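Q: Let me give you the structure first, and then I'll get to my questions.
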Amino acid sequence: MIARAPGKLLLTGAYAVLEGAPAIVVGVDRYAVADGATHDDAPSVELRAALEVAPKVDVSSLYEGTSKLGLGSSAAALVAALGVRLAERGSDLADPAVRETIFARARSAHAAAQGGGSGVDIAASVHGGVLEYRLKGDRAERTPVELPPGLHVSAFFSGTSARTSELRGRVDALRERSPRLHAECMDALEDAAERAAVAVRGGDGKGFLSACHDTARGLEALGRAADAPIVRESAKELLVLASLEGAVFFPSGAGGGDVFVFVGVAPPSEPFKASAERLAWKSVPFGIDRCGVHSV
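Mapping the sequence shown onto the numbering used here, position 128 (from 1) lands on 129, and the numbers just tick up by one.
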């Protein structure tokens with residue numbers, strides 16, 4: 002028995018989702034693949050938190066060589082591993098109740114291993130598609146949505162992986178050091194996240210692009226305030242080039258490296274792609290996964 006779970010791209014709601022704002026997340030057709038016939042002798046901390054005997058999970062499509070792309074590989078691996086164990090017992094991974102079980106177990110194990118988190122990457126790996134995801138207390142809500150028509154989303158990898166927990170730690174330290182400044186940064190990101198969700202629900206491409214622009218500015222401001230490299234120096238030239246094309250280039254998720262997204266009314270131009278290549282950024286081809294976790 003084999004189970005696959007998609008990776009994710011977080012478009013809007015980074016950091017703000019932890020404060021109760023909505024996130025827009027996309028499941029991508031790059032998969033963690035769990036093989037129930039094999040055992041992992043050195044499972045990740047996330048797998049150890051979820052399973053006594055973990056299957057082997059291939060996450061190579063979510064990596065560039067030995068570097069994580071930032072597509073939620075640990076979440077996808079966890080969801081695939083739990084999925085294959087349930088499928089072995091005869092569970093239908095398309096059953097909503099089974100998916101809720103996988104989500105609850107994966108979210109708990111992932112949070113225990115990483116010291117918290119929203120669970121948005123777990124939701125994308127379980128359900129796939131495009132989701133609006135929001136926390137309400139301890140409860141997580143998800144709503145299937147579609148990106149507004151006429152928008153193009155591309156992904157680029159910086160060449161350097163980042164640890165979300167370390168960046169989140171710096172942001173948490175900002176909250177302790179300067180609650181007012183932290184609140185100002187989060188208010189801006191929460192406002193952008195709310196407007197992005199409204200735009201998606203209304204099919205408003207212009208409104209969504211505007212919210213992405215404000216998300217990019219908010220992440221830069223939060224990085225400066227928290228002394229956290231949320232937006233890498235090598236990305237700043239590409240931010241300017243994207244804006245000249247009426248597009249926006251910004252971190253998918255917590256930033257610090259990993260994958261960035263280009264969102265615009267047209268795909269990235271050849272000059273943009275040439276500049277990205279010169280700066281050692283690699284294009285990350287992807288499509289939207291519509292299946293979520295599934296057995297094969």
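Beta carbons are placed, not taken as given, at the ideal position from N, Cα and C, and that holds for glycine. These figures come from a predicted structure and were not determined experimentally.
Return helix, strand or coil for PHE287, following the three-state DSSP convention.
A: Sequence index remark: in the sequence shown, residue 287 carries index 286 (1-based). Residue state, collapsed to three classes: coil.
Q: ASP41 to ARG178, Cα distance in whole Å?
A: Here the question's residue 41 lines up with position 40 in the sequence shown. Here the question's residue 178 lines up with position 177 in the sequence shown. So the alpha carbons of these two residues sit roughly 42 Å apart.
Q: Return the CA-CA distance between GLU167 and ARG225, expressed in angstroms with no decimal places.
A: If you number the sequence shown from 1, residue 167 lands on position 166. If you number the sequence shown from 1, residue 225 lands on position 224. For GLU167 and ARG225, the distance between alpha carbons rounds to 15 Å.
Q: Whole-angstrom Cβ separation of ALA174 and ALA217, contact assumed at under 8 Å?
A: Looking up residue 174 in the sequence shown gives position 173. Looking up residue 217 in the sequence shown gives position 216. Not a contact, Cβ separation roughly 23 Å.
Q: So what does LYS207 bridge to, in DSSP terms?
A: The count along the sequence shown starts at 1 and reaches residue 207 at position 206. LYS207 pairs with nothing; no bridge assigned.
Q: Can you tell me whether GLU271 is buried or exposed, with buried defined as 16 or more other CB within 10 angstroms of its CB?
A: By one-based count along the sequence shown, residue 271 stands at place 270. Its Cβ having fewer than 16 others within 10 Å, GLU271 is exposed.
Q: Are the segment 269-283 and the segment 88-95 in contact at 8 Å, needing three or more beta carbon pairs?
A: Contact fails: fewer than three Cβ-Cβ distances are below 8 Å.
Q: Does DSSP classify ASP96 as helix, strand or coil?
A: Walking along the sequence shown from the start, residue 96 turns up at place 95. Looking at ASP96 - three-state DSSP - the assignment turns out to be coil, as it is neither helix nor strand.
Q: Would ALA76 and ILE123 be called neighbours here (beta carbons separated by less than 9 Å)?
A: For the purposes of this step, residue 76 is taken as residue 75 along the sequence shown, with counting starting at 1. For the purposes of this step, residue 123 is taken as residue 122 along the sequence shown, with counting starting at 1. In contact: ALA76 and ILE123 (Cβ atoms closer than 9 Å).
Q: Apart from the five residues just before and just after ARG171, which ones in its own chain have a Cβ nearer than 8 Å to its Cβ?
A: Mapped onto the sequence shown, residue 171 falls at position 170. If we look at ARG171 and ignore the five residues flanking it on each side, its Cβ neighbours are ALA227, ASP228 and ALA229.
Q: Taking just the CA atoms, how far does LYS9 sit from PRO298?
A: Because the chain here runs from 2 to 297, residue 298 falls outside it and cannot be looked at.
Q: Are the beta-carbon atoms of ALA193 and ASP215 separated by less than 9 Å?
A: For the purposes of this step, residue 193 is taken as the residue at position 192 of the sequence shown. For the purposes of this step, residue 215 is taken as the residue at position 214 of the sequence shown. Going by C-beta atoms, ALA193 is nearer than 9 Å to ASP215.
Q: Going by alpha carbons, who is nearest to ARG49 out of ALA112, VAL27 and THR102?
A: Within the sequence shown, residue 49 is the residue found at index 48, counting from 1. Checking every option, the nearest Cα to that of ARG49 belongs to ALA112.
Q: Evaluate LEU1 with the Cβ neighbour count: other Cβ atoms within 10 Å of its Cβ, from every protein chain shown; 16 or more gives buried, anything less gives exposed.
A: Residue 1 lies beyond the residue range present for the chain, which begins at 2 and ends at 297; the question has no answer from this structure.
Q: With a cut-off of 8 Å, do at least 3 Cβ pairs link the segment 65-72 to the segment 257-267?
A: Yes, the segment 65-72 touches the segment 257-267.
Q: Starting from the C-beta of ALA17, find all residues in its chain whose C-beta is less than 7 Å away, skip the five residues before and the five after it, and write them out in chain order.
A: Here the question's residue 17 lines up with position 16 in the sequence shown. Answer for ALA17: MET187, LEU190, GLU191 and ALA194, listed in chain order.
Q: ARG291: buried (16+ other C-beta within 10 angstroms of its C-beta) or exposed?
A: Here residue 291 refers to the residue found at position 290 when the sequence shown is read from its first residue. Burial call: exposed.
Q: So, for ARG135: in the same chain, excluding its five sequence neighbours on each side, which residues have a beta-carbon less than 6 Å away from its beta-carbon?
A: Position 134 of the sequence shown, counted from the start, is the residue given in the question as residue 135. PRO23 and GLU142.
Q: Assuming contact is defined by CB atoms lying nearer than 9 Å, are LEU132 and GLY206 in contact in what I supplied?
A: Counting from 1 along the sequence shown, the entry for residue 132 is found at position 131. Counting from 1 along the sequence shown, the entry for residue 206 is found at position 205. No.
Q: Please name the residue in PRO252, GLY130, PHE157 and ARG140 whose C-alpha comes closest to that of SER276.
A: Here residue 276 refers to the residue found at position 275 of the sequence shown. Of the listed residues, the one whose Cα sits closest to SER276 is PHE157.
Q: I need the boundaries of the beta strand (DSSP E) containing THR161, first residue and last residue.
A: On the sequence shown, residue 161 is found 160 positions in, with the first residue counted as 1. Careful: THR161 lies outside any beta strand (DSSP E) and carries neither H nor E.
Q: Distance, Cα to Cα, LEU12 vs VAL26?
A: Within the sequence shown, the letter at position 11 stands for residue 12. Within the sequence shown, the letter at position 25 stands for residue 26. Those two C-alpha atoms are separated by around 6 Å.
Q: Per DSSP, which one or two residues make a beta bridge with ARG140?
A: For the purposes of this step, residue 140 is identified with residue 139 of the sequence shown, where counting begins at 1. DSSP lists LYS137 as partners of ARG140.
Q: Please name the residue or residues paired with PRO7 in a DSSP beta bridge.
A: Here residue 7 corresponds to residue number 6 of the sequence shown, with the count starting at 1. The partner list for PRO7 (beta bridge, DSSP) reads TYR32.
Q: Using DSSP bridges, identify the partner residues of THR13.
A: As a position in the sequence shown, residue 13 is number 12, starting the count at 1. Note: THR13 sits in a beta bridge opposite ILE25.
Q: From the DSSP secondary-structure annotation, give me the bridge partner or partners of SER155.
A: Stepping through the sequence shown from its first residue, residue 155 is reached at position 154. The partner list for SER155 (beta bridge, DSSP) reads PHE263.
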